[in-house]
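This report concerns only the one structure given below.
Residue numbers (this note's numbering): 121 to 243.
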């Protein structure tokens, strides 16, 4: 009986101690683990620097991979989109590359990743 009474008092004391804590103080101390989220096609400057005008669709697909977005209404346009959200912090990174074809040959590139920047970067 005495053991049961001491256990009840212990739980009552713990309940009183925890109820005195504000929810923000507890959430600032205990945070869930968040994973890095990577979505889309990761395209580097080096990959883009390998592209040359006139390359076929198969050659472009070999260098860059399968595009994330292909539009039925714009068959001559492939879009490569990459998003990265780190688990810690709110800094979202997003890169876009649009490949424009004329017939079966590569016509031009548009977007964040440029072949000129890859050539200018020292190794």
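Every residue, glycine too, gets a C-beta built ideally from N, C-alpha and C.
Reference residue 181, options 224, 208, 156, closest by Cα: By alpha-carbon distance to residue 181, the top candidate from 224, 208, 156 is 224.
Nearest-angstrom beta carbon gap, residue 160 and residue 197 [assumed within contact, 8 Å]: Wrong, their Cβ atoms sit about 16 Å apart, outside the cutoff.
Beta-carbon proximity check, residue 168 vs residue 217, cutoff 8 Å: For residue 168 and residue 217, yes; Cβs fall inside 8 Å.
Contiguous beta strand (DSSP E) assignments of at least 3 residues, all confined to the stretch 171 to 216: DSSP runs (the beta strand (DSSP E)) wholly in the stretch 171 to 216: 197 to 205.
For residue 219: DSSP bridge partner residues: The bridge partners DSSP lists for residue 219 are 198, 229.
Proximity to residue 156 [Cα-Cα], best of 126, 211, 231: Scanning 126, 211, 231 for the CA closest to the CA of residue 156 turns up 211.
Nearest neighbour of residue 206, chosen from 174, 153, 177 [CA to CA]: Minimum Cα distance to residue 206 is reached at 153.
Beta-carbon proximity of residue 199 to residue 192, cut-off 8 Å: The answer is no: Cβ separation not under 8 Å.
Sequence-distant residues of the same chain with beta carbon closer than 6 Å to residue 162, five excluded per side: Cβ neighbours of residue 162 beyond the five flanking positions: 202.
Sequence-distant residues of its chain with Cβ nearer than 6 Å to residue 213 (five each side left out): Annotation for residue 213: 204 place their beta carbon closer than 6 Å to its own, counting only its chain and skipping 5 residues before and after.
Alpha helix (DSSP H) segment containing residue 150, residue limits: For residue 150, no alpha helix (DSSP H) segment is defined, and its DSSP state is neither H nor E.
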